[in-house]
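**Q**
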Amino acid sequence: MGFWGHFPIKILGFAILAIGTAFQLVGATIPASSIAAEGVVDDNLCSLHEAIAEANSPGTHSGGTGLRDECMPGSAGADIIMLTTGGLYNLTQIDHIYFGGNGLPPIESVISIYGRGATIRRDPSYITCDGTYPDFRFFEVKGASTHLTLDWLTLTNGCTETSYRGGAIFVTEGAQLTVGASTISANYASASGGGIAVWNGDTITIRSSTITDNFSNDQGGGIYIRSGNLVVNSSTISDNTSWYNGGGGICLWGGDGLVPVNRITLNNSTVAGNTADSGPGGGIYSRSDGSTSSVVTLNNSTVTNNWAPTGGGIYNMRAASWVYARNSIVVNQRWAQDCYNSGGTLQSYGYNIESATSCGFTAEGDQQNVDPVGLRPLGNYGGPTNTCALELGS
Numbered sequence: 354m355g356f357w358g359h360f361p362i363k364i365l366g367f368a369i370l371a372i373g374t375a376f377q378l379v380g381a382t383i384p385a386s387s388i389a390a391e392g393v394v395d396d397n398l399c400s401l402h403e404a405i406a407e408a409n410s411p412g413t414h415s416g417g418t419g420l421r422d423e424c425m426p427g428s429a430g431a432d433i434i435m436l437t438t439g440g441l442y443n444l445t446q447i448d449h450i451y452f453g454g455n456g457l458p459p460i461e462s463v464i465s466i467y468g469r470g471a472t473i474r475r476d477p478s479y480i481t482c483d484g485t486y487p488d489f490r491f492f493e494v495k496g497a498s499t500h501l502t503l504d505w506l507t508l509t510n511g512c513t514e515t516s517y518r519g520g521a522i523f524v525t526e527g528a529q530l531t532v533g534a535s536t537i538s539a540n541y542a543s544a545s546g547g548g549i550a551v552w553n554g555d556t557i558t559i560r561s562s563t564i565t566d567n568f569s570n571d572q573g574g575g576i577y578i579r580s581g582n583l584v585v586n587s588s589t590i591s592d593n594t595s596w597y598n599g600g601g602g603i604c605l606w607g608g609d610g611l612v613p614v615n616r617i618t619l620n621n622s623t624v625a626g627n628t629a630d631s632g633p634g635g636g637i638y639s640r641s642d643g644s645t646s647s648v649v650t651l652n653n654s655t656v657t658n659n660w661a662p663t664g665g666g667i668y669n670m671r672a673a674s675w676v677y678a679r680n681s682i683v684v685n686q687r688w689a690q691d692c693y694n695s696g697g698t699l700q701s702y703g704y705n706i707e708s709a710t711s712c713g714f715t716a717e718g719d720q721q722n723v724d725p726v727g728l729r730p731l732g733n734y735g736g737p738t739n740t741c742a743l744e745l746g747s
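Be aware that the sequence shown starts at 354, since it is given in the working numbering, and climbs by one per residue.
#1: Is it right to say N397 is buried, meaning 16 or more other beta carbons lie within 10 angstroms of its own, or is it exposed?
#2: Under the three-state reduction of DSSP, which class applies to D432: helix, strand or coil?
#3: My output table needs one value for I450: the three-state DSSP class, helix, strand or coil.
#4: Quick check: I682 and I667, are their CB atoms within less than 8 Å of each other?
#5: Kindly identify the DSSP beta-bridge partner or partners of W675.
#6: Checking 8 Å against the spacing of the C-beta atoms, do G420 and S387 come in under that value?
#7: Would you identify the three-state DSSP class for A401, choosing helix, strand or coil?
#8: According to DSSP, simplified to helix, strand and coil, what is T407?
#9: Taking DSSP as the reference, what is the three-state secondary structure of G527?
#10: Would you mind sorting L441 into buried or exposed? The rule is 16 or more other CB atoms within 10 Å of its CB.
#11: Have a look at the DSSP bridge pairing and note the partners of T382.
#12: Please classify I466: is it buried, with 16 or more other beta-carbons within 10 angstroms of its beta-carbon, or exposed?
#13: Within 8 Å, do at least three Cβ pairs link the region 725-745 to the region 687-699?
#14: How about the region 440-454 and the region 408-428: do they share at least three Cβ pairs that are nearer than 8 Å?
#15: Following the continuous beta strand (DSSP E) through A625, name the residue where it begins and the one where it ends.
#16: Helix or strand or just coil, what does DSSP make of L506?
#17: Whose C-beta lies closer than 6 Å to the C-beta of A678 among residues of the same chain, with five residues either side of it excluded?
#18: What does the Cβ neighbour count give for V379, buried or exposed, with the cut at 16 atoms within 10 Å?
#19: To the nearest whole angstrom, what separates the beta carbons of N620 and V585, a pair I think is in contact under 8 Å?
#20: Opposite D395 in the DSSP bridges: which residues?
#21: To the nearest angstrom, report how far apart T531 and N553 are at their CA atoms.
#22: What residues in its chain sit with their C-beta under 6 Å from that of W675, if we drop five residues either side in the sequence?
#23: Using three-state DSSP, classify G468 as helix, strand or coil.
#24: With distances taken between CB atoms, is the gap from R616 to S587 smaller than 8 Å?
#25: Do you know how far the Cα of G484 is from the Cα of G608?
#26: Can you have a look at N733 and say buried or exposed, based on whether 16 or more other CB atoms are within 10 angstroms of its CB?
#27: Nearest by alpha-carbon distance to K495: which of T481, Q529, T507, A471 is it?
#28: If the criterion is Cβ atoms closer than 8 Å, does the pair A385 and S428 meet it?
#29: From which residue to which residue does the beta strand (DSSP E) around R560 run?
#30: State yes or no: is the C-beta of G416 within less than 8 Å of the C-beta of P426?
#31: Whose CA, out of G643, N593, R640, I537, lies closest to the CA of D630?
#32: Return the first residue and the last residue of the beta strand (DSSP E) that I549 is part of.
#33: Can you tell me which residues form a DSSP beta bridge with G593?
#34: Is it the case that the Cβ atoms of G546 and G511 are separated by a distance below 8 Å?
#35: Less than 8 Å between the CB atoms is what I'm expecting for D488 and T513, so what's the real figure, rounded?
#36: At the 8 Å Cβ level, is I383 part of the contact set with chain C, yes or no?
Rendered as structure tokens:
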């Protein structure tokens with residue numbers, strides 16, 4: 354169930370009212386039909402392309418004749434785009450070019466896309482990402498006043514070629530992104546960030562979501578962050594792959610000095626089964642860069658079954674890089690150490706478990722050299738995403 358699913362909802366005109374609560378959401382609700390023709394077409398249906406354009410610039414596709422009357426009116430404030438329940442939005446063409454192809458119009462305002470179980474995909478007949486077929490990610494999110502929220506939605510088969518980042522989503526120029534109750538899977542980036550790439554973004558929040566089976570030709574098979582903050586709550590980063598330079602699951606690569614500290618915070622989350630083929634950090638790779646620091650914090654989280662030549666679970670590099678762990682499990686990587694520290698700091702706040710001693714978990718309640726740990730394979734043991742549950746009695 355997505356965020357909105359926690360409230361009984363009634364659509365009155367163009368605003369959404371949450372019955373039994375004390376607030377009304379400011380803005381407009383714009384339904385986007387999954388059977389509308391792709392792009393901007395005069396077919397008396399509001400397509401996802403037209404809905405985004407209307408939310409960015411009210412009046413673009415409402416309040417007139419022909420193409421201008423196909424969508425509900427947008428607003429000057431935050432808008433909601435409501436997708437067809439369980440709908441399939443199959444994209445076949447590039448909408449515009451910005452650091453690679455994008456299948457949908459740019460996000461340039463505060464927009465929430467409520468998927469209701471819908472899927473947005475690049476046509477599955479496009480089986481390569483080398484220019485043979487149209488190559489594009491889905492969302493480009495840019496600008497300091499821009500915030501995209503995706504809820505209860507799947508993004509799959511996105512692709513950026515020719516050294517571009519972000520196979521499904523690219524966030525830049527101080528924008529924010531929130532992904533809730535969603536799946537980002539089987540996307541490809543020829544550079545960094547197979548699923549999501551952030552370059553000089555603001556705060557990226559992933560909650561109750563799964564980032565899985567994505568591939569990058571450079572860093573960050575699942576997620577790549579360069580100058581920005583990532584918060585992962587009750588989510589799973591699994592089975593992603595980076596080819597060069599590391600960070601099979603997540604890569605935090607310092608910044609450009611726009612913010613003094615770049616952060617990854619994992620709360621009640623799982624990083625499992627990721628691979629860094631030719632670089633360090635199968636699960637997580639963190640390094641400071643230039644005048645900025647990098648900080649990774651694990652709270653009640655699990656890092657397991659990842660692979661890399663060095664630092665199978667976590668690789669921490671350079672003096673201004675810190676990894677903090679509290680009540681977390683870092684065990685049973687498929688190759689190399691649970692943790693590898695190259696000039697940075699690994700610090701325990703207690704009650705952590707590791708397979709050997711590479712993470713330096715020696716604070717109160719820590720356990721080292723625990724083998725076997727008794728973790729079950731990644732699977733559905735209850736909760737919003739797959740996890741690696743402990744065996745009974747562990």
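Glycine is no exception: its CB is placed at the ideal position from the N, C-alpha and C atoms.
**A** To lay it out plainly:
#1: Looking at its Cβ environment, which holds fewer than 16 other Cβ atoms inside 10 Å, N397 is exposed.
#2: In this structure, DSSP gives D432 an extended state, which the three-state scheme calls strand.
#3: strand
#4: no
#5: DSSP output for W675 lists V648, T698 as bridge partner(s).
#6: The sequence shown places Leu at residue 420, rather than the Gly named in the question. Against a cut-off of 8 Å, the Cβ pair of S387 and L420 comes out as no contact.
#7: Here the sequence assigns Leu to residue 401, which means Ala is not the residue at that position. Helix.
#8: Residue identity differs from the one stated: residue 407 is Glu in this sequence, not Thr. Helix at E407.
#9: coil
#10: exposed
#11: For T382, which the question treats as bridged, DSSP gives the partners I433.
#12: buried
#13: no
#14: no
#15: 623-625
#16: strand
#17: L651, S701, N705
#18: Confidence in V379 is poor, its pLDDT being 46 and thus under 50, which makes the residue's placement unreliable; the coordinate value appears in the next sentence. Flag for V379 reads exposed.
#19: 7 Å
#20: Its beta-bridge partners do not exist; DSSP assigns none.
#21: 16 Å
#22: Excluding positions up to five away in sequence, the list reads V648, T698.
#23: strand
#24: No; because the gap between Cβ atoms is not below 8 Å, this pair is not in contact.
#25: 30 Å
#26: exposed
#27: It is Q529.
#28: no
#29: 556-560
#30: yes
#31: N593
#32: 549-552
#33: The residue asked about is misnamed: residue 593 is Asn in this sequence, not Gly. N593 is not bridged to any residue.
#34: no
#35: 6 Å
#36: Among the protein chains of the structure shown there is no chain C, as only one such chain exists.
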